[in-house]
Amino acid sequence: LDPCESLDSIECLGVGSSNIGGSAWTTLPCPFKLHFPRVGHAVVLVADRFLVVMGGYANSSPIDTVEILDIQTCVQHKGPSMSRPRGDYGATVVGNKIVACGAPEQVQAQEHGELEFIEFNINATTVYELFPQSAQWKIHPTLKISFSDIPQLFSLDPKADSFLAIGSQVVELVELENAKVPISQCSFSIDRGYSAAVLLPANQQLYPAGILAIGGNRDPTSMEWLPLPDDIHVRLKKYQTGKIPDFPPLPPKPTISTNPKQLKSSLQQWVQKAESILTDYMAHVEEWKDQEEKLCQDQCSTLQEKIDQLRAQQNNLTTTSTARAKKYVGRCKHEIGSIRGITESLGRGQTVADALAKLQEDGPPHELCCPITFELMTDPVVIESGHTYERAAITQHWETQETSGIPVTCPSTNQQICSKKLTPSLLARSLCRQWQEEHSGWHP
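Structure follows, in structure tokens:
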């Protein structure tokens with residue numbers, strides 16, 4: 070990383086079959102030049118087409134800029150800036166999200182290991198469509214990796230939400246959704262420092278699935294193979310096999326001999342080799358079958374858990390909504406009965422002034438009543454959606470939702486709430502008190 074060298078160019082190694090022997094590092098055919106010279110940045114390939122370059126250092130200072138390079142059309146575009154400047158970190162693609170982590174030397178201690186992510190459009194055909202206009206980098210509210218050194222991130226499956234975070238010594242399996250901590254962990258034998266690592270699928274004949282760490286400033290010339298533990302290995306089944314094992318070729322046919330004994334011996338040897346190959350292959354197929362069945366069972370079990378959770382949420386939501394609906398109907402019936410009584414009184418000679426007074430005494434205005442309890446508010450508060458509720462009622466409503474695993478919402482709009490901040494409504498409180506003072510004889 071000589072500062073005198075160009076830090077804004079992109080190179081690739083051509084390995085075409087026609088000239089593989091003479092391949093050399095060269096600049097890409099597309100005339101890409103990064104807008105910022107970068108060191109310690111991260112780059113991921115999205116949809117086999119878009120290079121997304123993120124963060125790094127420019128003139129020794131961390132930056133938060135993002136650039137998108139379309140390697141098919143040679144078009145460049147600026148992407149949404151990251152949540153904070155980052156350098157010396159890792160990134161990967163998980164489903165329809167880009168996940169980044171790191172920058173340990175530039176952030177506060179409490180920010181070590183934090184994960185931030187952004188969603189992208191997997192059907193994008195241009196750099197301008199890759200990120201929606203509303204797309205923003207977000208810090209994961211609960212999930213962090215435990216180590217504070219520079220991580221390398223590897224996605225296990227393009228459609229899954231799990232990935233590996235590999236540090237100088239610790240390796241953690243991270244599930245982006247429905248998790249607060251890494252769900253599994255293993256370690257290299259030593260702290261390797263700034264090493265490179267690669268995730269390798271299993272080779273049935275040579276090695277199991279694992280991670281190969283190469284070099285590092287603690288032991289620059291060594292390599293270390295770290296087999297993955299069973300709990301991580303199960304999640305790698307699709308990555309490891311993905312399809313039925315490749316069909317093995319049979320041995321070359323024996324040379325035809327005029328000597329019957331030699332021909333018979335050659336044919337017998339060929340049959341033995343062929344049968345041995347097929348026996349090994351069938352063993353691999355059975356192992357693959359067991360792995361796929363186990364993976365299917367795991368996925369079905371996870372799916373059933375989600376179904377049960379959704380049913381519980383729906384039942385709770387139905388019960389809560391039904392209770393609110395019954396309370397509202399009761400209030401409406403009461404008002405209808407009151408108005409019917411006033412109408413009948415007018416038919417018996419009651420004056421209009423008396424009827425209006427009776428109507429006002431029947432109950433507080435709708436806008437001064439809590440949409441949950443349908444009663445006059447005593448401590449009105451405004452929530453994120455702009456609607457006003459009785460403090461105790463909205464607090465209890467949210468507690469019920471959280472207990473059932475339902476995201477907190479605004480009862481009037483069913484809109485999900487990001488912040489549970491309650492802001493006292495002084496105007497509504499004043500109007501409620503004023504109405505109550507003017508109708509001191511009224512009781513609900």
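Numbering (this note's numbering), first residue to last: 70 to 513. The C-beta atom is built at its ideal place from N, Cα and C for all residues, glycine as well. Because the structure is a prediction, the values reported are computed rather than measured.
Return helix, strand or coil for residue i, following the three-state DSSP convention.
i, result
"serine 237", "coil"
"glutamine 368", "helix"
"methionine 446", "coil"
"aspartate 359", "helix"
"lysine 402", "helix"
"alanine 282", "strand"
"lysine 333", "helix"
"cysteine 438", "strand"
"glutamate 244", "strand"
"histidine 209", "strand"
"glutamine 341", "helix"
"valine 354", "helix"
"serine 454", "coil"
"aspartate 133", "coil"
"serine 499", "helix"
"threonine 492", "strand"
"leucine 138", "strand"
"threonine 478", "strand"
"leucine 379", "helix"
"alanine 116", "coil"
"glutamine 221", "strand"
"leucine 347", "helix"
"glutamine 514", "Nothing about residue 514 can be read from this structure; the chain reaches only from 70 to 513."
Using 10 angstroms around the beta-carbon of residue i, count the other beta-carbons present and answer buried if the total reaches 16, otherwise exposed.
i, result
"threonine 194", "exposed"
"tyrosine 263", "exposed"
"serine 237", "buried"
"glutamine 465", "exposed"
"leucine 347", "exposed"
"leucine 319", "exposed"
"aspartate 139", "buried"
"glutamate 459", "buried"
"alanine 111", "buried"
"alanine 282", "buried"
"cysteine 369", "exposed"
"leucine 496", "exposed"
"glutamine 485", "exposed"
"threonine 457", "buried"
Quick one: residues in its chain with C-beta nearer than 7 Å to the C-beta of residue i, no 5 flanking neighbours on either side, listed in chain order?
i, result
"arginine 502", "none"
"asparagine 286", "Gly262, Tyr263"
"cysteine 487", "Glu453"
"isoleucine 208", "Ser152, Glu183, Glu185"
"phenylalanine 216", "Gly182, Gly236, Val239"
Taking 6 Å as the limit between beta carbons, can you name the residues of its chain near residue i, skipping five residues before and five after?
i, result
"glycine 90", "Since pLDDT at glycine 90 reaches only 38, below the 50 mark, its modelled position is unreliable, and no value is offered."
"glycine 148", "Val135, Ile137, Phe200"
"arginine 498", "Pro449"
"leucine 297", "Ala278, Gly279"
"threonine 514", "Examination of residue 514 is not possible in this model, given that the chain is present from 70 through 513 alone."
"proline 493", "Val450"
Would you tell me roughly how many angstroms separate the C-alpha atoms of residue i and residue j, rounded to the nearest one?
i, j, result
"leucine 222", "arginine 380", "35 Å"
"glutamate 185", "asparagine 128", "24 Å"
"valine 354", "glutamine 254", "30 Å"
"glutamine 366", "proline 476", "28 Å"
"valine 340", "alanine 278", "32 Å"
"leucine 491", "tyrosine 158", "38 Å"
"threonine 391", "serine 231", "39 Å"
"valine 163", "phenylalanine 189", "11 Å"
"asparagine 39", "glutamate 344", "Because the chain in this structure spans residues 70 to 513, residue 39 falls outside the shown range and cannot be described."
"glutamate 356", "leucine 268", "21 Å"
"leucine 500", "glutamate 444", "14 Å"
"glutamine 331", "serine 258", "55 Å"
"glycine 474", "isoleucine 376", "13 Å"
"cysteine 479", "threonine 447", "19 Å"
"threonine 472", "alanine 462", "15 Å"
"asparagine 328", "aspartate 117", "58 Å"
"arginine 409", "asparagine 385", "36 Å"
"glutamate 198", "histidine 146", "10 Å"
"serine 57", "alanine 266", "Only positions 70 to 513 of the chain appear in this structure, which leaves residue 57 out of reach."
"glutamate 293", "glutamine 383", "50 Å"
"aspartate 349", "aspartate 359", "15 Å"
"serine 481", "leucine 114", "43 Å"
"alanine 394", "leucine 212", "38 Å"
Taking 7 Å as the cut-off, does the CB of residue i come closer than this to any heavy atom belonging to the ligand SAH?
i, result
"glutamine 360", "You won't find the ligand SAH in this model; it holds no ligand whatsoever."
Leaving out the 5 sequence neighbours to the left and right, which residues in its chain are closer than 8 Å to residue i when beta-carbon positions are compared?
i, result
"phenylalanine 105", "Asp77, Gly125, Ala127, Ile132, Thr134, Glu136"
"serine 86", "Note that serine 86 has pLDDT 32, beneath the 50 cutoff, so the model's placement of it is unreliable and the number below is only indicative. Nothing listed; no residue qualifies."
"cysteine 170", "Tyr158, Gly159, Ala160, Gly182, Glu183, Leu184, Glu185, Ile214, Pro220, Leu222, Ala234"
"glutamine 373", "none"
"lysine 396", "Thr442, Phe443"
For chain C, is any of its Cβ atoms less than 8 Å away from the one on residue i?
i, result
"leucine 120", "Structure shown: chain C not included; a single protein chain is present."
Runs of 3 residues minimum, wholly inside the segment 146–207: which ones carry the beta strand (DSSP E) assignment? Those beta strand (DSSP E) runs which fall completely within the segment 146–207 and span 3+ residues are 158–163, 166–171, 183–188.
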